[in-house]
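A.B. asks: Supplied in structure tokens, the structure appears directly below.
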Amino acid sequence: MSITKKSPLISTVVLNWNRADLLFHTLESYIKTISVPYEIFIIDNASSDNSKSVINEFCQNNPDANAIFLAKNMGGEAINLGLEQAQGKFLHISENDLEYLPNWADKCIDLFEYFPSLGQLSLFGPLPADDLLGGVGAIPASQLRHSHGRIVYELKNNSGTSCVMRREIYDRGIRVHSLPKIEEFIFPNDGQLSLEIKTAGYMVARSDHYIVKNIGHTVEEIKKRSEYYVKNYRAKPSIGEAKLKEKMAKWEKSNKPLARASFLFSEENILREKSCSTNQCLEPNLWSMLDEWTPEIETLEFLYTMTRLIKPTFCVETGTWRGFLAEAIGRALQQNGRGKLISLEKDANIHTVASERIAKQNLTVQVEIILINSLAFTTNEKIDLLILGSDVNIRLSEFWHFKPYLNNKAIIVFQDANHTQVNNGLKEIKVHSGMLSILSFPTPRGLVLCQYNNMTHYQ
0 MSITKKSPLI
10 STVVLNWNRA
20 DLLFHTLESY
30 IKTISVPYEI
40 FIIDNASSDN
50 SKSVINEFCQ
60 NNPDANAIFL
70 AKNMGGEAIN
80 LGLEQAQGKF
90 LHISENDLEY
100 LPNWADKCID
110 LFEYFPSLGQ
120 LSLFGPLPAD
130 DLLGGVGAIP
140 ASQLRHSHGR
150 IVYELKNNSG
160 TSCVMRREIY
170 DRGIRVHSLP
180 KIEEFIFPND
190 GQLSLEIKTA
200 GYMVARSDHY
210 IVKNIGHTVE
220 EIKKRSEYYV
230 KNYRAKPSIG
240 EAKLKEKMAK
250 WEKSNKPLAR
260 ASFLFSEENI
270 LREKSCSTNQ
280 CLEPNLWSML
290 DEWTPEIETL
300 EFLYTMTRLI
310 KPTFCVETGT
320 WRGFLAEAIG
330 RALQQNGRGK
340 LISLEKDANI
350 HTVASERIAK
360 QNLTVQVEII
370 LINSLAFTTN
380 EKIDLLILGS
390 DVNIRLSEFW
400 HFKPYLNNKA
410 IIVFQDANHT
420 QVNNGLKEIK
430 VHSGMLSILS
440 FPTPRGLVLC
450 QYNNMTHYQ
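Start counting the sequence shown at 0; every next residue gets the next number (numbering that gives the first Met the number 0).
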């Protein structure tokens, strides 16, 4: 499709019903951040506030905006009135309580390009932000998928109403339906929409981080407009008013970090940790992550600091993934003024992505990423720091493979120690290795440090 000013790349349909102040914020943030050819349809479901004047003023100032005013509330099905006029390659459905962040549209288009099976993309991250009502406890079931350095989280259930879809979804006859009316509310049936998209053979996913702010569901907003939200939740049979009060009380009582930040990765999008609560770590939401497979932010910073402390000469890491841990260790070695890290990665695509990261950070002197199965790697040097972080199925085999190469007093790091296979492997090592000093940390994914004391007389 040839994209010109008259040929939108994204067609946006905003569904509105009252809350004109939030609608104004949504539209203003949209127009400030949209960076591709677009058209926008704003559908008002017979609002009783001043939504109509907000919409009219917006359309007067933006020639690519179109207003559709309905005489009665049609609920979620009203979205189809905009979709049937849409000309864009991508169809974007928006609720009226979002704040759009810079480059959100470019991010969406990029993900659709690199994930050919992606049919529906939520603009939310893999789990609720700290200021949202779901910011403690609730973790939508999802699975990390990756392609050429990009990440999405494939959803087990629905994506929610606000999303971007491929146009072919609509062309195949898939439409938005409404849930039954309860009191004043007629919600879009987002569950049915996602189910039909999956049934058609497409992936439904969330972004790897929030590319909008969900301003309509912050605790602050709910407190500010409590009467509206009590009615809103009462109209949701699966939640209800009692559940709203329960979730509010839980949020108020929960511990929350002051900020999600890192002195190592200040430019990255940092999220709440995705792990569930366990006996080993009761409050995983206090930890932070870059993604589900990279070690927690706190673990990255700890291993950086430990490397600064022990100043190893030769380090080996298994499972480079996106290279964040390799970067952290490399930066520590660079600060130390000595040392080399060999990072082993068996996936060619991931190897390329991680190598680009290391080169971009000017760490190629300190870090070398080798495309190889970790169990096939041999070295003539003695290892001072061994970080085991590849497939959990071979973590134990990796330890025995690298054991002959360990220097006396070497430090061995076991990641994902809470995983059953890794935990069982550690128990076996404790029984058979004899001379390992072991220290376990109660992190969400589990972290175990071992110090190797020459065990040759046990062999």
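Yeah, the Cβ is synthetic: ideal placement off N, Cα and C, and Gly gets one too.
Within its chain, find whatever has a CB closer than 8 Å to the CB of I410; leave out the 5 residues flanking it on each side and keep chain order.
C.D. replies: Answer for I410: M305, I309, P311, D383, L384, L385, L448, C449, Q450 and Y451, listed in chain order.
A.B. asks: Pairs of beta-carbons, one from the region 79-97 and one from the region 17-30, closer than 8 Å: are there three or more?
C.D. replies: Yes, the region 79-97 is in contact with the region 17-30.
A.B. asks: Mind checking if Q420 is an interface residue toward chain C, Cβ cutoff 8 Å exclusive?
C.D. replies: Of the chains in the structure shown, none is chain C; there is only one protein chain.
A.B. asks: Should S206 and L143 be called a contact, given that it needs their Cβ atoms to be closer than 8 Å?
C.D. replies: The answer is no: Cβ separation not under 8 Å.
A.B. asks: On the three-pair Cβ rule with 8 Å, is the region 100-116 touching the region 74-86?
C.D. replies: No: fewer than three Cβ pairs fall under 8 Å.
A.B. asks: Are G388 and R356 touching if we call contact CB-CB under 8 Å?
C.D. replies: No. Outside cutoff.
A.B. asks: Who are the near neighbours of L376 in its chain, counting only those whose CB is closer than 6 Å to its CB and skipping five residues on each side?
C.D. replies: At residue 376 the sequence reads Phe, which differs from the Leu that was named. L343, listed in sequence order.
A.B. asks: Check whether the region 246-263 and the region 109-124 are in contact - that is, three or more C-beta pairs closer than 8 Å.
C.D. replies: No: fewer than three Cβ pairs fall under 8 Å.
A.B. asks: Using only the alpha-carbon positions, how far apart do P36 and N65 sit?
C.D. replies: Taking the straight line from one Cα to the other gives about 15 Å.
A.B. asks: Taking the alpha-carbon positions, what's the K249 to P441 distance?
C.D. replies: Whole-angstrom Cα-Cα distance: 23 Å.
A.B. asks: What did DSSP end up calling D109 once you bin it into helix, strand or coil?
C.D. replies: Helix at D109.
A.B. asks: Among R330, D346, I393 and S436, which residue has its Cα nearest to the Cα of L362?
C.D. replies: That would be R330, whose Cα lies nearest to the Cα of L362.
A.B. asks: Could you work out which residue in I296, V218 and V315 is closest to N379 when comparing CA atoms only?
C.D. replies: Of the listed residues, the one whose Cα sits closest to N379 is V315.
A.B. asks: In the region 318-345, which residue ranges form an unbroken alpha helix (DSSP H) of at least 4 residues, counting only runs that do not cross its ends?
C.D. replies: Runs found: 323-335.
A.B. asks: Using the DSSP secondary-structure output, state which residues sit across from M288 in a beta bridge.
C.D. replies: For M288, which the question treats as bridged, DSSP gives the partners L270.
A.B. asks: Determine which residues share a DSSP beta bridge with T11 and list them.
C.D. replies: Its beta-bridge partners are I39 and H91.
A.B. asks: Between the C-alpha atoms of T217 and L132, what's the straight-line distance to the nearest angstrom?
C.D. replies: Approximately 6 Å, taken between the alpha carbons.
A.B. asks: Tell me which same chain residues have a C-beta within less than 6 Å of the C-beta of T25, skipping the five on either side of it?
C.D. replies: Counting only Cβ-Cβ distances below 6 Å, and skipping sequence neighbours, we find N95 and L97.
A.B. asks: Alpha carbon to alpha carbon, how far is E295 from E272? Give it in angstroms, no decimals.
C.D. replies: Approximately 7 Å, taken between the alpha carbons.
A.B. asks: Which word fits H350, buried or exposed, when buried means at least 16 other C-beta atoms lie within 10 angstroms of its C-beta?
C.D. replies: Buried.
A.B. asks: As a quick exercise: from S436, A416, L425 and V421, pick the residue whose alpha carbon is nearest that of V445.
C.D. replies: It is worth fixing the name first, because residue 445 is Gly in this sequence and not Val. Taking only the C-alpha atoms, the option nearest G445 is A416.
A.B. asks: Applying the criterion that 16 or more other CB atoms from any shown protein chain within 10 Å of the CB defines a buried residue, is A70 buried or exposed?
C.D. replies: Exposed, by the Cβ-count rule.
A.B. asks: When DSSP labels each residue in this structure, what does V175 get in the three-state scheme?
C.D. replies: The answer is coil: DSSP assigns V175 none of H, G, I, E or B.
A.B. asks: Under 8 Å between the Cβ atoms of D122 and I210?
C.D. replies: A quick correction: the sequence has Leu, not Asp, at residue 122. Yes.
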